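Only one structure is covered here, and it is reproduced in the block below.
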Amino acid sequence: MQKWKVLLVDDEKEFVSALSERLMLRGLDVRIAFSGEEALGSVQSDPPQVVVLDVMMPGLGGAEVFRRIRELHPNIPVIFLTGQGCSVDRRQTVPYGAFECLVKPLDIDDLIRTISSAIGLCETPALLSE
Amino acid sequence: MKWLKSLSLLDFTDKGDSPERYALLRRNILILMVIVTIFPLCFMALVNYHQYQKALREEIVNPLRTLVNKTKHSFELFLAERLSTLSLIASAYSFDQLSDENTLTRIFAAMEREFRGFVDLGLINSAGEQVSYAGPYDLRGKDYSEQGWFHEVQVRGSYVSDVFMGYRLFPHVAIAVQRRGPDGRVWILRATINTEKFDDLISSMGLEPSSDAFLLNKSGVFQTPSKHFGNVLDPFPLQLPPITYEANVIEEKTPAGKGVLMAYTYFVNAPYILAVVKPQGVILKAWYTLKSELFFLFLGSVVGTLLVIFKLTDVLVRRMRECDEKREAAFREMQHTHKLSSIGRLAAGVAHEINNPMAIINEKAGLMKDLMEFIPQFPEREKFASLTDAILQSVHRCRSVTHRLLGFAKRMEVQIEELDLNETIHETLTFLEKEALYRNLDLRLNWGADLPRIVSDRGQLQQVALNLLNNSFAAVEDGGVVEVTTWRKDARTVALSVRDNGCGMSPETLRHIFEPFFTTKKDSGTGLGLPITYGIIKKLGGDIEVQSREGEGTTVSVFLPVQMQP
């Protein structure tokens, strides 16, 4: 069984570290990035199965990162995180291929379920065994 | 023009919005318009009146005047002729010749033949003694020295007498001329004529039967018979008119009280007044008709003008007022909306700012819980579990608050969507739950079953619900009842009602509740809640009804179409 490879991107370091630890406790393989640039570098060097991306980030914003990821790796599903509520961002992103949008503070089980269905959709049935 | 401005009739201050300024404006406009229309009208009416009067009078008066002048001229001609006859005889014959009665009689006979009307002829010496006489009476030797005319004829050289009754009891006039002989002797020739010619001259005037013409003497005694006022030598019943030697026309009243026009003139060389009396009623009927027509026309015009002015001014000022009010209301509404949208943006900002730290707390506490679960021998496990659960619960509460806040803020834009009325209204209740709890309000919710989903704007519906609920909460005492009910009214309509058992409203208040700025809350309240609600409901194609009884409570019912009509 292969662990699900997830990239977490958010400029709130405490948030990212706590969440990544929780996900790892649940058996996921988690990479983290604290900025858009770091995220892109990580995607290039070690492409994940899912990217969990915060919308509001200084510097390279979430939308721009998403666009670039789409360009480089269109098969990787992206899940957005937002503190502002999803409907505004949903209008901007889902039509363009974002998989889902979740509101902070998160429900961890919700996130696991979303990651699972994102990976489920994009992976071949053989790898879905776990 | 400064003084005109200082009257400030049209000055319309913007200070305050009291109803008095509209009443003032109305009054000022009325005054101005009345002045501008009625004064010229009056002026013209008066001018016309006088013009007509003048014209009509002249039309009637001038012919009369001319007639009197002509007739007087005829009279004077007649008298002058007769006097000339005497003069001629007096010049042609000497005193001695005339003293011979046969000569005198012969002359008199010739006179009578040639000139009709002579009654007698006499010669009087300077002592006043009738020396010779030709005529029907026996007057030879009569002494005239004491008589007034005798002196007068000596002074003036000729004389015409008033009418008097002769011996045969018909009216006479005496005329006389004085002659100075070459020997210096003064003597007088006197003749009497009857007044037949006078009557002829008068009838030749050709007056209508209602008119009356006659001669008077300077004492007001009739010299010729009058049709209506008396016979010869009767006194004239009216006052004598002022002296004038050119014909003049005056208005008089008969003894019976009828108005008449009197045209008259005094004679220069005879002691007479010629007068023509015409009843005014006959002549001036045309004038009176015209006068009353003119009057009614004027009256009608004035009334009509005033009616129009008043009505117009009323409409004008009312429209102005409505316009001003609408403008104010629109402005206030815009301000209100602006305020709301600012709040919306603020809410969004705040929520977002809170959510990030919340997310951190959530994950950290979650991690603590996870670690606890994954490590089998965790000391004080239960205590830790309850602590982290408490933290996570608080995070959850915050989450729902910010979620609601964001939801509310987002609904500023109009978004038509299909929605569940019960769910939409229920959302707004969450805002008021706390207040209901603290005040012990009995909040009864009767969500209608089988309500169809409706197509409408969620944000606006929630605004409406919020407004109605706020009003009810404000109306009830602590412990009061607020009941929310939804039901399906008919195939195309759903209904929502908010009932409370609060203070209620009087019929007077009910009349005004949808008026902008009308409020019974003294300090708080913009007075715009219900007007805005009304506006929203109407825009959404629905209806709103209010029932209330003072002291008992209020029920507001809102009806919404299932499908909004385009």
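Residue numbers (this note's numbering), protein chains in the order written: chain G, 1 to 130; chain C, 1 to 566.
Glycine included, every Cβ here is placed at the ideal spot set by N, Cα and C.
Quantities reported herein were computed from a predicted structural model and do not represent experimental measurements.
Could you tell me the alpha carbon to alpha carbon distance between residue i and residue j, rounded to whole angstroms?
i	j	result
aspartate 478 of chain C	threonine 520 of chain C	19 Å
aspartate 138 of chain C	serine 132 of chain C	10 Å
valine 119 of chain C	asparagine 69 of chain C	28 Å
alanine 191 of chain C	glutamate 59 of chain C	42 Å
methionine 372 of chain C	phenylalanine 15 of chain G	19 Å
leucine 240 of chain C	isoleucine 250 of chain C	11 Å
lysine 364 of chain C	arginine 68 of chain G	31 Å
glycine 542 of chain C	proline 561 of chain C	6 Å
valine 260 of chain C	leucine 306 of chain C	39 Å
leucine 299 of chain C	valine 36 of chain C	17 Å
glutamine 147 of chain C	asparagine 269 of chain C	19 Å
valine 61 of chain C	alanine 80 of chain C	28 Å
arginine 65 of chain C	tyrosine 264 of chain C	8 Å
arginine 57 of chain C	serine 87 of chain C	43 Å
proline 279 of chain C	glycine 257 of chain C	11 Å
serine 94 of chain C	glycine 181 of chain C	7 Å
isoleucine 108 of chain G	serine 45 of chain G	27 Å
leucine 77 of chain C	phenylalanine 108 of chain C	21 Å
arginine 70 of chain G	threonine 485 of chain C	50 Å
serine 145 of chain C	alanine 90 of chain C	20 Å
leucine 406 of chain C	alanine 348 of chain C	5 Å
proline 136 of chain C	glycine 122 of chain C	11 Å
glycine 230 of chain C	isoleucine 31 of chain C	60 Å
Buried or exposed for residue i, going by 16 or more other Cβ atoms inside 10 Å?
i	result
isoleucine 532 of chain C	buried
glutamate 100 of chain G	buried
tyrosine 159 of chain C	buried
serine 204 of chain C	exposed
methionine 165 of chain C	exposed
leucine 468 of chain C	buried
phenylalanine 80 of chain G	buried
glutamate 137 of chain G	Since the first residue of chain G shown is 1 and the last is 130, residue 137 of chain G is not available in this structure.
asparagine 75 of chain G	exposed
phenylalanine 331 of chain C	exposed
asparagine 501 of chain C	buried
alanine 491 of chain C	exposed
arginine 549 of chain C	exposed
serine 129 of chain G	Any reading at serine 129 of chain G is ruled out, since the residue's pLDDT is 38, under 50, leaving its predicted position unreliable.
alanine 465 of chain C	buried
alanine 126 of chain G	Residue placement at alanine 126 of chain G cannot be trusted, given a pLDDT of 40 that sits under 50; the coordinates are not used to answer.
lysine 3 of chain G	exposed
Starting from residue i, find everything on chain G with Cβ-Cβ shorter than 7 Å and list it in chain order.
i	result
aspartate 370 of chain C	Arg22, Leu25
arginine 399 of chain C	Pro105
alanine 390 of chain C	Ordered by position in chain G, no residue passes the 7 Å Cβ test against alanine 390 of chain C, which lies about 15 Å from the chain.
alanine 348 of chain C	Gln84
histidine 352 of chain C	Gly83, Gln84
Which bits of chain C does residue i rub up against, with CB to CB less than 7 Å?
i	result
aspartate 15 of chain G	The displayed chain sequence assigns phenylalanine, not aspartate, to residue 15 of chain G. Near phenylalanine 15 of chain G (Cβ distances below 7 Å), the residues of chain C are Ala359, Ile360, Glu363.
aspartate 19 of chain G	According to the sequence shown, residue 19 of chain G is leucine rather than aspartate. Per Cβ cutoff of 7 Å: Glu363.
isoleucine 108 of chain G	Gly366
Since residue i meets chain C, which of its residues come closer than 9 Å, beta carbon to beta carbon?
i	result
glycine 59 of chain G	Chain C residues near glycine 59 of chain G: none, gap ~17 Å exceeds 9 Å.
glutamate 12 of chain G	Asn356, Pro357, Ala359, Ile360
Among the options, whose alpha-carbon lies nearest the alpha-carbon of residue i?
i	options	result
serine 400 of chain C	G:Gln84, G:Leu111, G:Thr114	G:Gln84
alanine 176 of chain C	C:Pro242, C:Pro225, C:Ser84	C:Ser84
phenylalanine 267 of chain C	C:Pro279, C:Gly257, C:Tyr245	C:Tyr245
glutamate 418 of chain C	C:Leu530, C:Leu451, C:Val186, C:Asn231	C:Leu451
glutamate 292 of chain C	C:Lys434, C:Ala213, C:Tyr49	A small correction: the amino acid at residue 292 of chain C is serine; glutamate does not occupy that position in the sequence shown. Nearest C-alpha to serine 292 of chain C: C:Tyr49.
leucine 421 of chain C	C:Asp457, C:Phe378, C:Leu215, C:Ala348	C:Asp457
phenylalanine 222 of chain C	C:Glu208, C:Ile243, C:Asp199, C:Gly206	C:Asp199
isoleucine 416 of chain C	C:Leu441, C:Leu461, C:Thr428	C:Leu461
valine 43 of chain G	G:Leu23, G:Arg22, G:Val9	G:Val9
leucine 67 of chain C	C:Arg27, C:Thr388, C:Ala275	C:Ala275
histidine 73 of chain G	G:Arg31, G:Gly41, G:Gly61	G:Gly41
List, in chain order, every chain G residue whose beta-carbon is nearer than 8 Å to that of residue i.
i	result
phenylalanine 374 of chain C	Leu25
Taking Cβ-Cβ distances shorter than 9 Å, what residues in chain G pair up with residue i?
i	result
alanine 475 of chain C	Ordered by position in chain G, no residue passes the 9 Å Cβ test against alanine 475 of chain C, which lies about 34 Å from the chain.
valine 395 of chain C	Pro105
Let me know the beta strand (DSSP E) ranges lying completely inside the region 309-348 of chain C, each 3 residues or longer, listed in chain order.
none
Whole runs of the beta strand (DSSP E) within the region 193-248 of chain C, excluding any shorter than 3 residues:
Listed in chain order, they are 212-217.
3-residue-minimum beta strand (DSSP E) runs that sit fully inside the region 104-188 of chain C, ordered along the chain
118-125, 130-134, 158-160, 171-180
Ranges of the beta strand (DSSP E) found wholly within the region 454-520 of chain C, counting only runs of at least 3:
454-457, 481-490, 493-500
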